[in-house]
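Heads up: the protein sequence lines correspond to chains A and B, in order. The first sequence: position 163 = 163 (this note's numbering), numbered continuously. In short: position in the second sequence from 1, add 1000, done, that's this note's numbering. Ideal placement from N, C-alpha and C gives every residue a C-beta, glycine not left out.
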Amino acid sequence: MARQVALHGPRAVPGGAPAPWVGAVRFLRRNPLALMGTLIFSAWVFIALFADILAPYDPLAQDIVNRLQPPSRAHWFGTDQLGRDLFARVLYGGRLSLPAGILVILAAGLLGTGVGALAGFVGGWFDEVLMRLTEVFLAFPTIILAMAVAAALGPSLVNAVVAMVVVWWPNYARVVRSLVLGVKSQEYVEAARALGVPESRILLRTVLPNCLAPAVVLATIDLGNAILVFAGLSFLGLGPEPSTPEWGRMVADGIEYFDQWWMAAFPGLAIFTVVMAFNFIGDGIRDALDPRLRGNV
Amino acid sequence: MPIYRYILRRVLLTIPLLFGVTLIAFVISHAVPADPVTANLGQKAMSDPEIVAAFRAEWGLDRPVHEQYLIYLGNLLQGDLGRSIKSRRPVLEDLRAFLPATIELATASVFLGMVMGVAFGLVSALRRNTWLDHGVRVLSLLGVSVPVFWLALLALFVFYARLGWTAGPGRIDVGLTPPPRVTGLLTVDAVLAGDGAVLRNVLAHLLLPALVLASYTTGLIARITRSAMLEVLGQDYIRTARAKGLSPTTVALRHALRNALLPVITVIGFSYGNLLAGTVLTESIFAWPGIGQYAYRASTSLDFPAIMGVSMLIALIFILTNLVVDVLYFILDPRLRAG
């Protein structure tokens, strides 16, 4: 579960804050793992953007004569049961998994932030009901609830994303709520209220902006998990349709062709590297933000 | 607060949660697909108006929604989770048949994850900033990043098919007769039957899937143990213990680890529930006849009642594990009792 991270006060650093990239560069120089994660992630973004240029073949083109070929010079990652080039399919897979993961986190983050902020800010029975609701959602292990929802909606790419958002938002609701609770008792919030600023404006302009930084950090750390669960749903047959070049789906195809190890090995490696990249970055961020571990690592 | 009062309070708090779980299950199974009849009955059954009518009556589908929920709850309480479209048997019966294999796998896996995770985390914290520490940290990050269904496939390919080091898929060699069923856990049943050969075979089959599933848990527990140990090692009482001239081993194990283990216990409990859920992605690869494989088959064939049954069962176990962890925590941490 996400650890709550330090709050930033409303005031800017005296003498003006340095440009954001200065902090980022310093952060990456101190965290070789985070640097590596950033590089791997950037590489995947590049691959996803330019898959049509980089891929040597059409990811959907079948070539039955050359089916189940092991990796070779012509087909770097080999071919699958329909003779499709696995290298091309793995490259194109980035176009699904990365946006799907980002979309899930964005949507769940927005929904959770909305619910959590309202619950924390309004308080009372409203807060009570919403928080009990999140508890119930969190009582299910993620992949199980996502599986049930995706199955109920029917297997498709969009439904897998929807199912994950349904499962994911409570995490953000809880974190943002606790952040809002911390911020709303601050003096500058009271000051705003004393000045007669309307409540909705206080929430949107004063409280929320001060909660966003930690929520964004949590979202970054979470992206790897989202991609992992998305691949899992897809592996279960609850993601995009079978012919789609999706990594989880491709690993599932590889089960039937056990001796053709390349069929599962390369798509799985793609999932692994992407998730690893996010975990490396997340680990660096956690270290940078957790004062107890600072200097220890 | 006395222990029994604390336990009572926690149990009482669990009840609304259980109701919540059934409510979510009800909403998913009744509101989301347009028609629960289509979702629950196979195509053949759908063409038979008598079966459709019987199903509607059983689940009260012509009544108002709140009544439907009560009927749903009533059926649940009687163990009626509906009938699997695929196996044509009541879901509860299916779950009863498949659950022990999963419990055995998840337990073995959480045990391995705990032992390896605590050991790695401990070494990492004690050798802070050495290559060993960095190695363990990277390994544990890899452990939480690897897609477990992929690792399962690769492990089976390398260690079974190519190297022949481990036993193959399944819980027991095809030629061997399983021990008489008492608990359904083959290891326990083999011990009860006093059959050493079967026990060895069963353990050999258990090892690889348990290790694969433990990858995530090991990584997680190693990370938590490391950070908890680092925090404890900075405390005054550790300095005192060292100043008293106690050996480094005594300080590390008796003074530091004992206190560092508290957060670890929470993670272990949490992991157990996650492992049960995680088997959904691995059992099909190891031909492990547990609820994971049942759920995999159910989800690929959209066997909706079976999916709901598995989800509720795992949520239930998840909630109960959390309850046990909280109670354990309370027993182990004297500060909580005092408060």
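At a Cβ threshold of 8 angstroms, is residue i touching chain B?
i	result
Ile105 of chain A	no
Trp261 of chain A	yes
Asp283 of chain A	yes
Asn296 of chain A	Reliability of the predicted coordinates at Asn296 of chain A is poor, the pLDDT of 41 falling under 50, and the value obtained from them is presented with this limitation in mind. Asn296 of chain A counts as touching chain B.
Leu228 of chain A	yes
Leu289 of chain A	no
Arg29 of chain A	no
Ile271 of chain A	yes
Leu238 of chain A	yes
Ala24 of chain A	no
Gly224 of chain A	yes
Arg132 of chain A	yes
Phe126 of chain A	no
Phe258 of chain A	yes
Ala219 of chain A	no
Ala231 of chain A	yes
Ala151 of chain A	yes
Ala2 of chain A	Residue placement at Ala2 of chain A is poorly supported in this model, since its pLDDT is 41, which falls under 50; the coordinates still yield a value, given next. It does not: the Cβ of Ala2 of chain A has no partner Cβ on chain B nearer than 8 angstroms.
Could you confirm whether any beta carbon from chain A is found closer than 8 angstroms to the beta carbon of residue i?
i	result
Tyr1294 of chain B	no
Ala1222 of chain B	no
Pro1016 of chain B	yes
Phe1159 of chain B	no
Ser1029 of chain B	yes
Ser1299 of chain B	yes
Ile1003 of chain B	no
Ile1238 of chain B	no
Ala1315 of chain B	yes
Val1327 of chain B	no
Leu1302 of chain B	yes
Arg1010 of chain B	no
What number of angstroms, rounded off, separates the C-alpha of residue i from the C-alpha of residue j?
i	j	result
Gly1184 of chain B	Val1191 of chain B	12 angstroms
Leu1257 of chain B	Arg84 of chain A	53 angstroms
Met164 of chain A	Leu1316 of chain B	20 angstroms
Tyr1072 of chain B	Ser1145 of chain B	39 angstroms
Leu1008 of chain B	Gly1245 of chain B	44 angstroms
Leu203 of chain A	Met131 of chain A	19 angstroms
Gly1143 of chain B	Ala1125 of chain B	18 angstroms
Ala48 of chain A	Trp21 of chain A	24 angstroms
Phe1330 of chain B	Leu1276 of chain B	24 angstroms
Ala107 of chain A	Leu1132 of chain B	40 angstroms
Ala1287 of chain B	Pro1169 of chain B	5 angstroms
Gly1117 of chain B	Trp1165 of chain B	24 angstroms
Met1 of chain A	Leu1220 of chain B	With a pLDDT of only 39 at Met1 of chain A, under the threshold of 50, the placement of this residue in the model should not be trusted; the figure read from the coordinates follows. If I take the Cα positions, the gap works out to 11 angstroms.
Leu33 of chain A	Pro1064 of chain B	57 angstroms
Gly37 of chain A	Thr1282 of chain B	27 angstroms
Gly282 of chain A	Gly23 of chain A	16 angstroms
Leu1023 of chain B	Thr1038 of chain B	20 angstroms
Val1198 of chain B	Ala1108 of chain B	17 angstroms
Glu1058 of chain B	Ser1087 of chain B	19 angstroms
Give the residues of chain B in contact with residue i, contact being defined as C-beta atoms less than 9 angstroms apart.
i	result
Met250 of chain A	None at all; the shortest Cβ gap to chain B is about 10 angstroms.
Ala265 of chain A	Trp1150, Leu1153, Leu1154, Phe1157
Gly268 of chain A	Val1146, Pro1147, Phe1149, Trp1150, Leu1151, Leu1153, Leu1154
Strictly below 7 angstroms CB to CB, what residues from chain B border residue i?
i	result
Asn279 of chain A	Leu1141, Val1144, Ser1145
Leu145 of chain A	Ser1311
Arg177 of chain A	Under the 7 angstroms cutoff, chain B gives no residues; its nearest Cβ is about 18 angstroms from Arg177 of chain A.
Phe235 of chain A	Phe1149, Leu1281
For a contact meaning CB atoms closer than 7 angstroms, what does residue i contact in chain A?
i	result
Met1308 of chain B	Ala148
Asn1274 of chain B	Pro141
Ile1285 of chain B	Ile255
Ile1319 of chain B	Ala139
Ala1277 of chain B	Pro141, Ile143, Ile144
Among all the DSSP beta bridges, which residues are the ones paired with residue i?
i	result
Asp85 of chain A	A:Thr79
Pro1064 of chain B	According to DSSP, Pro1064 of chain B bridges with nothing at all.
Pro1090 of chain B	B:Arg1083
Going along chain B in order, which residues have a C-beta closer than 8 angstroms to the C-beta of residue i?
i	result
Val136 of chain A	Leu1017, Gly1020, Val1021, Leu1023, Ile1024
Val275 of chain A	Ser1145, Val1146, Pro1147
Check whether the Cβ of residue i sits closer than 7 angstroms to any heavy atom of the ligand ZN, and report yes or no.
i	result
Arg1127 of chain B	As presented, the structure is devoid of all ligands, the ligand ZN included, so that no description of it is given.
Would you grab the beta carbon distance between residue i and residue j for me? Rounded to a whole angstrom, and I think it's under 8 angstroms.
i	j	result
Ala1101 of chain B	Ser1311 of chain B	Contact doesn't hold; Cβ gap of about 18 angstroms is too wide.
Val1091 of chain B	Gly1309 of chain B	4 angstroms
Arg177 of chain A	Gly93 of chain A	Arg177 of chain A to Gly93 of chain A, Cβ: 36 angstroms. No contact.
Val180 of chain A	Gly120 of chain A	3 angstroms
Could you list which residues in chain A have their beta carbon closer than 8 angstroms to that of residue i, in chain order?
i	result
Leu1323 of chain B	Within chain A, no residue comes near Leu1323 of chain B; the closest Cβ sits about 11 angstroms away, beyond 8 angstroms.
So which residues on chain A does residue i lean against when the C-beta distance must stay under 9 angstroms?
i	result
Leu1262 of chain B	Within 9 angstroms Cβ-Cβ: nothing; Leu1262 of chain B doesn't reach chain A, min ~16 angstroms.
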